[in-house]
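Remember, the numbering used here sits 20 above the position in the sequence shown when you count from 1.
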Amino acid sequence: MRSPVREIFRKVDLSAICSFAGGYPAAVTFPVDDLHRLPGLVLDKYGTKALQYGATQGVPELREAIAARYGVPVSRVQITTSSQQGIDVCTRILCDPGDVILTTEPTYLGALQSFKAYRADVRPLAGALPPNDPRGSRPISPRDKPSDPVSAGPSDDGLNSVQDRNPAVKFIYVIPDFNNPSGETMTLEQRKEIVALARELDVVIVEDSPYRELRYSGEEVPTIYSLAPERTLHLGSFSKIFAPGFRLGWIIGPEELLEQIYICKQALDLCPPVFDQYMATEFLTSGALDANLVKTKAEYRRRRDLMVSLLEKYMPEGVTWTYPEGGLFLFLTLPEGVDAIDMYDEALSKGVAYVAGSFFFLDGSHRNTMRLNFSFIAEEKMEPGLKLLGEIIAGVIRK
Ligand SMILES: Cc1ncc(COP(=O)(O)O)c(C=O)c1O
């Protein structure tokens, strides 16, 4: 399965269009000044150790720094070569072909690609409603009889029957903070429901949380890991808080699962990139990461506010959107019958790109939705891009 997002990038000359399609961080958030000094500092401080192979779990200095930041024992920290690898190794250790993974929707495409590679049977979690759903949030429960296409899985009759027919539900995959693609955050209640369900099914929760540190408004909600440390694998990432080019992330979880991940990681890449880990250690422990986060969050808050104000100005009646309290995305719902996939070629030829929301649903439904990214687009392109998008949507509504 090719990623629809990467396909869009292959097709278009990004410099010529207003693209809300990608998910890249803003380049201005990269700590370039720190990065002028960090390589020399790492070489002076760690010498040739920084150029050697390192421990499979990650260098002790970075594991300790992550453990201290998140208040967990070092034995519960595994460094990964990014959180995409985190998703991949979790799937590898937890799933055999045909096993069931439950996911909330809309969900992250990179995770679906990984699940597919391991031939898992991915099913929507009953009770998880898409953003802007007029029915509001419903409790998530294994007894939840779905009456709508969102909660209807391939078996078409909800989680109870998922269990009945196939006892091999292996894990629940969730993106509780500033979801990609919807930008939404799960409430504490919803997190507790996920935990209750996982306990009932006796399965692991994979909490994919690369945006958690990017909260720029609202109140922090406890991690699922903090609610169920015995069965949660919490995935973090340096991609959005340092630089994605370093490909560094971490998993916090129970030792017995990390032991399996350790064996799996040995076969995959022996160890995460050592020099990069030392740079991340210094960046984190010196306080530079927190200082940079303040700037990063201010930048994204400003961009979110700009996008929301432009949507209010240019979107026709009937279009609604999520209001992210962090992260890089918001999600549009167009009036029923307006098809974001059908509209796509016209949009691209006129100079605006987005990702159709239906790609993020297992059954390709919700064709009247789209994901917009506000972190990467040049700021001066935001207004012409959203004006154009508003006109195109209005044109389709009028037809
Ligand atoms: C929800 C989610 N998980 C994981 C990733 C992978 O991030 P990385 O591998 O750069 O840590 C992304 C990237 O956009 C994402 O949106």
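Just so you know, even glycine gets a beta-carbon here, dropped at the ideal spot from N, CA and C. Everything numeric in this text was worked out from a predicted model, so none of it was measured.
Simplified DSSP assignment, three categories, for Y138: coil
Helix, strand or coil at K419 according to DSSP, with G and I counted as helix: coil
Are the beta-carbon atoms of L290 and T76 separated by less than 8 Å? yes
Is there contact between the segment 297-314 and the segment 51-61, where contact requires at least three CB pairs shorter than 8 Å? With the cut-off at 8 Å, the segment 297-314 and the segment 51-61 touch.
Among R323, A46 and R112, the one whose alpha carbon lies nearest that of L350: R323
Buried or exposed (CB count within 10 angstroms, at least 16 for buried), K419: exposed
Could you tell me the distance, in whole angstroms, from the CA atom of V223 to the CA atom of V142? 15 Å
First and last residue of the beta strand (DSSP E) that includes D391? In the sequence on display, residue 391 carries Arg and not Asp. Note, R391: beta strand (DSSP E), T389 to N393.
List the whole-angstrom C-beta distance separating E227 from L253, where the pair is believed to meet the contact cut-off of C-beta under 8 Å. 7 Å
Examine ligand 1 and report whether any of its heavy atoms sits within less than 7 Å of the Cβ of G269. yes
Tell me the DSSP bridge mates of H386? The secondary-structure analysis by DSSP pairs H386 with nothing; it has no beta-bridge partner.
Is the beta carbon of T340 less than 8 Å from the beta carbon of G203? Against a cut-off of 8 Å, the Cβ pair of G203 and T340 comes out as no contact.
Tell whether a beta-carbon distance below 8 Å holds between S257 and T243. No, they are not a contact pair.
Taking 5 Å as the limit, name every residue whose beta carbon sits nearer than that to some heavy atom of ligand 1, in sequence order. G43, S102, S103, Q104, Y128, I195, N200, D228, P230, S257, S259, P264 and G269
T101 and P264 - do their beta-carbons sit closer together than 8 Å? Between P264 and T101, the C-beta spacing is not below 8 Å.
With a 10 Å radius around its C-beta and 16 neighbouring C-beta atoms as the bar for buried, classify Y73 as buried or exposed. exposed
For A70, is the classification buried or exposed, using 16 other Cβ atoms within 10 angstroms of its Cβ as the cut-off for buried? buried
In chain order, each alpha helix (DSSP H) run of at least 4 residues that lies wholly inside the segment 340-385: 364-370
Going by beta-carbon coordinates alone, are G106 and I271 separated by less than 8 Å? yes
Quick check on V109: does DSSP put it in helix, strand or coil? helix
Close Cβ partners of T207 (< 7 Å) along its chain, the five nearest in sequence each way excluded: V241
Through-space distance from P144 to G178, alpha-carbon basis: Only weak support exists for where G178 lies, its pLDDT of 39 falling under 50; the value from the coordinates is given anyway. Whole-angstrom Cα-Cα distance: 8 Å.
For the beta strand (DSSP E) holding Q98, just list the boundary residues, first then last. V97 to T100
Where D168 falls: helix, strand or coil (DSSP): Model confidence at D168 stands at a pLDDT of 31, short of 50, so the residue's coordinates are unreliable and nothing is read from them.
In whole angstroms, what is the alpha-carbon distance linking G130 and Y320? 23 Å
Please list, in chain order, all residues of the same chain as C110 whose beta carbon is under 6 Å from its beta carbon, the five residues on each side excluded. Closer than 6 Å at the Cβ level, and outside the excluded window around C110, lie V226 and L253.
What is the rounded straight-line gap between the Cα of R96 and the Cα of I283? 15 Å
Identify the continuous beta strand (DSSP E) that holds V224 and give its terminal residues. V224 to D228
Over the uninterrupted alpha helix (DSSP H) stretch that includes K317, give me the two end residues. Boundaries of the alpha helix (DSSP H) harbouring K317: A308 to Y334, taken from the DSSP string.
Distance check for Q286 and K317, CA to CA, integer angstroms please. 35 Å
For V182, the three-state DSSP class (helix, strand or coil): Because the pLDDT at V182 is just 40, under 50, the model does not fix this residue reliably, and the point stays unresolved.
Comparing alpha-carbon positions, which option in T205, L354 and I113 lies nearest G415? Ranking the options by Cα distance to G415, first place goes to L354.
Have a look at E233, R251, I281 and A300 and flag the residue whose alpha-carbon is nearest the alpha-carbon of F266. Residue A300 is the option with its Cα nearest to F266.
For E302, does the count of other Cβ atoms within 10 angstroms reach 16, so buried, or fall short, so exposed? buried
Please report the distance separating the alpha-carbon of D108 from that of Y236. The straight-line gap separating the alpha-carbon atoms of D108 and Y236 is approximately 29 Å.
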